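S.K.:
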Amino acid sequence: MTTISDPHSGLPERVRTQVNYDEPAIKPPPLLSVGPLAWMRNNLFRSTFDTILTVVFALVSISIITGLLTWAIQGANWFVITRNLRLFMVGRFPVGELWRTEWMALFIMFVAGFGLATYRAVSYRIFIFAIVVVALSFAIPPIVAATTPPEYSLLAAGNTEVAAGTVTETPIPELAFVGQAGEEITISYPTSLGDDARLATLSGFTDRATTAVINAARNRLAQEETTARLQERLANAPLTEEQREALSAQLAGIEIPPPVTDTLQVNTQPVDIEILHGETLDVLAQATLSQESESFSLTLPDDGWYILRKTMRDEGSLAILEARNIEPVLVSELSALDVRYRSMTSDFETGARRPRIDGLDVPIINIIDYQYFGKRNFPEFMKLYVAPLLAQLDTPLLFLLLATGIGYAASYGLSRYSPPVYRGQLPLRVFSILFLISPIVIYILLSAVNTSRWGGLLLTFMLTAVGIVLSFPIGVLLALGRRSSLPVVKGVCIFFIEVVRGVPLITVLFIANLMLPMLHPSLVQVDAVLRAMAGITLFSAAYLAENVRGGLQAIPPGQEEAARALGLSGVQITLYITLPQALRAVIPALVGQAISLFKDTSLVAIIGLFDLTRIADSVISQPEFIGARPESYLFISIIYFVFSYLMAWVSRKIEASGSGAARRF
Amino acid sequence: MVDAAPVANGVSTNTEPIIRCINVNKWFGEFHVLRDITVDIYPGEVVVIIGPSGSGKSTFIRCINRLEEHQEGKIIVDGIELSHDVRNIAAIRREIGMVFQQFNLFPHLSVLQNIMLAPMKVRNWKKDRAEAKARELLERVGIPEQCDKYPGQLSGGQQQRVAIARALAMEPKIMLFDEPTSALDPEMIKEVLDVMKELALSGMTMIVVTHEMGFAREVADRVLFFDQGRIVEQGTPEHFFQNAQHPRTQLFLSQIL
Ligand SMILES: Nc1ncnc2c1ncn2[C@@H]1O[C@H](COP(=O)(O)OP(=O)(O)OP(=O)(O)O)[C@@H](O)[C@H]1O
Ligand SMILES: [Mg+2]
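Next comes the structure, spelled out in structure tokens:
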């Protein structure tokens, strides 16, 4: 390093020039942090204020998360999701035509994979992550099945009526269930149900009568508790005479019934049980269970229906039995003639007719009558909800992953092995072609099914995709029109843009739905989905136009001047110079718009379309899922979030890869 | 005002002028920015325009390719008079290349695409021909290796050389330069001036607005001095730099030399 001072500065001779021949050694930078403790001190607890903020935020988030998880694992009824997955995904799309949506999804993922590789947007490492996810979805259900004990159901036997609050229930003597050859059924007679406190803590799948027993016990315990509290206050608290009288009157009003275990004689008397073959009605096994007896087991000989018959000899008594491997039956009605039955936690399914005795259908253990009661633990949660959900998703996920991977590999292969004349541009061209033909492919696949059958995520996706794709050219034209020098064109564009932007989407949808048919008689036939698409497209176009206009305005005037000086015409300048730059600059805004459109399509629920949100609302009107509103809405929130986040993530990646706005100067 | 006829340096005075400006006037609102500009420029001539800031230099050369409209007088380029006729304007712009202070390269196109765009879209050349021309020009301005880069990846001097190549790709008869080196760091000015010198030697008609007096001395056939929208003085560089007559010219030269 050399420092030469100004020779005219009048400094003493010896400092006029300074030469430094030392070469300082090249050193690595000092280590900034040493271990997690130092990191915490530097980042979390730097000052008192930081510490308070850290602690407050941590406590709030921990309490929210634990609250949510506790509810999700112990209390929530996720059957509303696992049993309605198809409705959520495609609505009432005909089952026979589902292959269309499947191929569509595969095609889209193929194009997406191709695009990701073409734009070098993600590294192959993302696939390792996806492979792990898919592998887990295959691995978890069998692991759960192997490690958690079979579900047990609590089944009541007896002839007495059980009253709990306003509800009265009588145990059902005969129940039909679905079983598989080799499966072992175990029924035992719990001996420790001798008091109400024990009854109140029972949990598991329960029939209605058992539920009533448990509820009755809980009610009585609650009343006992209230009485004890009131007595405690009367005895110890300083009270005025009036308060004392009021409390006494309240106490006198409470009538504590005798213990449920006594009135119903719970599990004191023996029960006769028989297991019948569902078709032949042969008795396969027979036993009498009592406090002294061992539990009873039977290995099922065939796949199909069985009947459990339980009789109590003694009038006026009641028994609660624990049955393992007798699970609620899920019914799926493919059509009026083709009904399939499946036991809840296995894939085994039977289409055979339900068993009949004396010309009457034997009641089945279905999910309506056999709700889960009480608190679940984590293994039960995994077994009941997570495993069945994953079992439904694993194969579709695998195929989607494969499609994406093939697309990725195809683009990669093209760029590596394409003839040199394309100079690496071949994947980009193929991708453009794929991108352009994808609407046609989707149209060909889906147009065979009437749009009134579209629903769920499929409808939401189609509304968004059509809205964005069609509003793009319209929005660009509007933006150019707004900058036009022709006053009429400019005026019409401004009027349209401002009017649409000044009106809520819901109004635009109503107008599209109700007023479009009034404009011209032939428009009556345009179906509701197309009308919604039209409304969404126009709405989105107005916003897009403003985004694009912003992009156009951001282009330095020198660009247009240079193009004019080269002799390009106005149209050519727009096409080759200003518009491409404007669009690159607004990619983030466009993606943002796609995301908000994706969410805004939920408004079509109001004009009667069964999009994701409306499906979430309609599944909870099924009798077994009344009250499962939080579960249903939480689920679609997750879907909305995952897709929105994915869109944002992909656009960030594409931008960062340099194909977007990043290439400016 | 000294009426110096265009002088030698391989420039024939007998031929028709390629640019004729006759009493050109222009206003920006109330502001009279060009006042009675009358000047003829001959094929192969290199004309350097100097003058204080705001004197109308840029406005004048922008009028020549109709980036600005003049309101009075006549501008005749290569026998075509500039008018509102769009075809005339298009025809003239094909013959005139322009290089800007801020380069104005198209950032979304690669260097090669920047150069090939106009020949392909305006002159309807085939891609092969345009690309061959583009590569030849990049060779000529000394940066053949940069052809696949994007403007944002080049230095200022390289960008300006690409801009020159882009203008030349249209095979213009006239080149306009508006302060081509003013936005450049000192060490890059030379590489651009060298390209311009080479262009001048090849016989291109050039009008150059610049503050590079060295370039004016060495290359110009004629120097025009603008002040307050008028051509105050013009002449050969020798005359102009050693023997300026007008007090404004003398003042200007004393300030910058
Ligand atoms: N579009 C415009 N509208 C109004 N006034 C303008 C416009 N363009 C330029 N002017 C004004 O006209 C005058 C001449 O501008 P011009 O750019 O031609 O000057 P110049 O000689 O090139 O100056 P410089 O050396 O600073 O580039 C200036 O006073 C400028 O402010
Ligand atoms: Mg200027």
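Line by line, the protein sequences are chains A and B.
Sequential numbering of the first sequence, starting at 1, is according to the working numbering.
Sequential numbering of the second sequence, starting at 1001, is according to the working numbering.
Heads up, the beta-carbon is just placed ideally off N, CA and C, and yes, glycines get one too.
Please read these numbers as outputs of a predicted model, since none were measured by experiment.
For A/N20, count neighbouring Cβ atoms within 10 angstroms of its own Cβ and tell me buried if that reaches 16, exposed if not.
M.R.: Taking the first residue of the first sequence as 1, we reach residue 20 of chain A at position 20. Burial call: exposed.
S.K.: From A/I654 to A/R120, what distance separates their C-alpha atoms?
M.R.: Position 654 of the first sequence, counted from the start, is the residue given in the question as residue 654 of chain A. Position 120 of the first sequence, counted from the start, is the residue given in the question as residue 120 of chain A. Distance between the alpha carbons of A/I654 and A/R120 is about 8 Å.
S.K.: Mind listing which residues of the segment 1171-1193 of chain B have their C-beta closer than 9 Å to chain A's C-betas, in chain order?
M.R.: L1176
S.K.: Answer yes or no: do A/S602 and A/L612 have a C-beta to C-beta separation smaller than 8 Å?
M.R.: Counted from its first residue, the first sequence places residue 602 of chain A at position 602. Counted from its first residue, the first sequence places residue 612 of chain A at position 612. Going by C-beta atoms, A/S602 is nearer than 8 Å to A/L612.
S.K.: Any heavy atom of ligand 1 within a distance shorter than 7 Å of the CB on B/G1054?
M.R.: Working through the second sequence from its first residue, we reach residue 1054 of chain B at position 54. A distance criterion of 7 Å places the beta-carbon of B/G1054 in contact range of ligand 1, judged by its closest non-hydrogen atom.
S.K.: Can you tell me the Cβ-Cβ gap for A/Q231 and A/L251, rounded? I've got them flagged as a contact below 8 Å.
M.R.: On the first sequence, position 231 is the one that residue 231 of chain A refers to. On the first sequence, position 251 is the one that residue 251 of chain A refers to. Yes, A/Q231 and A/L251 are in contact; Cβ-Cβ is about 7 Å, under 8 Å.
S.K.: In its own chain, which residues sit with a C-beta less than 6 Å from the C-beta of A/R664, not counting the 5 before and 5 after it?
M.R.: Taking the first sequence and counting its residues from 1, one reaches residue 664 of chain A at position 664. The predicted model places A/R664 with a pLDDT of 39, which falls under 50 and marks its position as unreliable, so this point remains unresolved.
S.K.: Please confirm whether B/L1117 has its beta-carbon closer than 8 Å to some beta-carbon of chain A.
M.R.: One-based indexing of the second sequence puts residue 1117 of chain B at position 117. Chain A contact via Cβ: present.
S.K.: For B/V1024 versus B/I1037, is the C-beta distance shorter than 8 Å?
M.R.: As a working note, residue 1024 of chain B is residue 24 in the second sequence. As a working note, residue 1037 of chain B is residue 37 in the second sequence. A contact, by the Cβ cut-off of 8 Å.
S.K.: To the nearest angstrom, report how far apart B/E1238 and B/A1200 are at their CA atoms.
M.R.: Along the second sequence, read from residue 1 onward, the residue named residue 1238 of chain B stands at position 238. Along the second sequence, read from residue 1 onward, the residue named residue 1200 of chain B stands at position 200. The straight-line gap from Cα to Cα measures roughly 18 Å.
S.K.: What does B/K1121 reach in chain A if we use C-beta pairs closer than 8 Å?
M.R.: Walking along the second sequence from the start, residue 1121 of chain B turns up at place 121. Per Cβ cutoff of 8 Å: L568, Q572 and Y576.
S.K.: Mark A/R125 as exposed unless 16 or more other C-beta atoms lie within 10 angstroms of its C-beta, in which case mark it buried.
M.R.: Position 125 of the first sequence holds residue 125 of chain A. A/R125 is exposed by the Cβ-count criterion.
S.K.: What did DSSP end up calling A/Q286 once you bin it into helix, strand or coil?
M.R.: Residue numbering aside, residue 286 of chain A sits at position 286 when the first sequence is read from its first letter. Strand at A/Q286.
S.K.: Where are the beta strand (DSSP E) runs, 3 residues long or more, that stay fully inside the segment 1068-1117 of chain B, in chain order?
M.R.: 1072-1077 and 1096-1099
S.K.: Counting only beta-carbon separations shorter than 8 Å, does B/P1144 have a partner in chain A?
M.R.: Translated into positions along the second sequence, residue 1144 of chain B becomes position 144. Not one chain A Cβ lies under 8 Å of B/P1144.
S.K.: Give a yes or no on whether the C-beta atoms belonging to A/G456 and A/V55 are separated by under 8 Å.
M.R.: Your numbering for residue 456 of chain A matches position 456 in the first sequence. Your numbering for residue 55 of chain A matches position 55 in the first sequence. Their beta carbons are not under 8 Å apart, which means A/G456 does not touch A/V55 by this criterion.
S.K.: For A/I364, which residues of its own chain have a beta-carbon under 6 Å away from its beta-carbon, when the five flanking residues on both sides are left out?
M.R.: Counted from its first residue, the first sequence places residue 364 of chain A at position 364. Result list for A/I364: A176 and V329, in chain order.
S.K.: I'd like the span of the alpha helix (DSSP H) that includes A/V560, first residue to last.
M.R.: Within the first sequence, the letter at position 560 stands for residue 560 of chain A. Note that residue 560 of chain A corresponds to Glu in the displayed sequence, not to Val. A/E560 -> alpha helix (DSSP H) spans P557 to A565.
S.K.: So with Cβ pairs under 8 Å, would you call A/A554 a contact of chain B?
M.R.: As a working mapping, residue 554 of chain A is identified with position 554 in the first sequence. For A/A554, the answer is no, since every Cβ of chain B falls outside 8 Å of its Cβ.
S.K.: Can you tell me where the alpha helix (DSSP H) with B/M1188 in it begins and where it stops?
M.R.: Counted from its first residue, the second sequence places residue 1188 of chain B at position 188. Element bounds for B/M1188: P1186 to L1201.
S.K.: For the segment 1067-1097 of chain B, enumerate the residues whose C-beta is nearer than 7 Å to any C-beta of chain A, in chain order.
M.R.: L1067, A1090, R1093 and R1094
S.K.: With a threshold of 8 Å between beta-carbons, can B/N1104 be considered close to chain A, or not?
M.R.: One-based indexing of the second sequence puts residue 1104 of chain B at position 104. Cβ-Cβ to chain A under 8 Å: yes for B/N1104.
S.K.: Residues in its own chain within less than 6 Å of A/Q286 by CB, not counting five upstream and five downstream?
M.R.: Translated into the one-based positions of the first sequence, residue 286 of chain A becomes position 286. A distance below 6 Å between beta-carbons, with the five flanking residues on each side excluded, links A/Q286 to the following residues of its chain, in chain order: E274.
S.K.: Would you tell me roughly how many angstroms separate the C-alpha atoms of B/Q1245 and B/E1233, rounded to the nearest one?
M.R.: Start at 1 with the first residue of the second sequence, and residue 1245 of chain B comes out as number 245. Start at 1 with the first residue of the second sequence, and residue 1233 of chain B comes out as number 233. Rounded to the nearest angstrom, the two C-alpha atoms are 8 Å apart.
S.K.: Skipping 5 residues on each side, what residues in its chain have a beta carbon closer than 7 Å to that of A/Y543?
M.R.: As a working note, residue 543 of chain A is residue 543 in the first sequence. Contacts found: R501 and Q593.
S.K.: Could you check whether the segment 443-457 of chain A touches the segment 515-525 of chain A, counting it as contact only if at least three pairs of C-beta atoms, one from each stretch, sit closer than 8 Å?
M.R.: no
S.K.: Does any residue of chain A have a CB that is nearer than 8 Å to the CB of B/F1028?
M.R.: The residue you call residue 1028 of chain B lines up with position 28 of the second sequence. No - not a single Cβ of chain A is within 8 Å of the one on B/F1028.
S.K.: I'd like to know if B/N1023 contacts chain A, where contact means its C-beta is closer than 8 Å to some C-beta of that chain.
M.R.: Residue 1023 of chain B sits at position 23 when you count from the first residue of the second sequence. Using a Cβ-Cβ cut-off of 8 Å, B/N1023 does not count as an interface residue toward chain A, since no Cβ of chain A sits closer than that to its own.
S.K.: Would the C-beta of A/S61 count as close to ligand 4, meaning under 7 Å from any of its heavy atoms?
M.R.: Of the ligands one can find in the structure shown, namely ligand 1 and ligand 2, none is ligand 4.
S.K.: Could you check if A/P666 is buried or exposed, using at least 16 other CB atoms within 10 Å of its CB as the buried criterion?
M.R.: With chain A running from 1 to 665 in the structure shown, residue 666 of chain A is simply not present.
S.K.: Need the endpoints of the alpha helix (DSSP H) that B/Y1042 sits in, please.
M.R.: In the second sequence, the residue the question calls residue 1042 of chain B occupies position 42. No alpha helix (DSSP H) holds B/Y1042; DSSP gives it neither H nor E.
S.K.: Checking contacts by CB at 8 Å: is B/F1252 closer than that to chain A?
M.R.: The residue given as residue 1252 of chain B occupies position 252 in the second sequence. False, the Cβ-Cβ gap to chain A never drops below 8 Å.
S.K.: In three-state DSSP terms, what is A/T66?
M.R.: Within the first sequence, numbered from 1, the residue matching residue 66 of chain A stands at position 66. Helix.
S.K.: Which residue from B/V1122, B/Y1150, B/E1016 and B/A1165 puts its Cα closest to that of B/G1079?
M.R.: Residue 1079 of chain B sits at position 79 when you count from the first residue of the second sequence. Ranking the options by Cα distance to B/G1079, first place goes to B/E1016.
S.K.: Is there contact here, the segment 1167-1175 of chain B with the segment 1128-1146 of chain B, by at least three beta-carbon pairs under 8 Å?
M.R.: yes
S.K.: With a 10 Å radius around its C-beta and 16 neighbouring C-beta atoms as the bar for buried, classify B/P1006 as buried or exposed.
M.R.: One-based indexing of the second sequence puts residue 1006 of chain B at position 6. The predicted position of B/P1006 is uncertain, since its pLDDT is 44 and thus under 50; a value taken from the coordinates is nonetheless stated next. By the neighbour-count rule (16 or more Cβ atoms within 10 Å), B/P1006 is buried.
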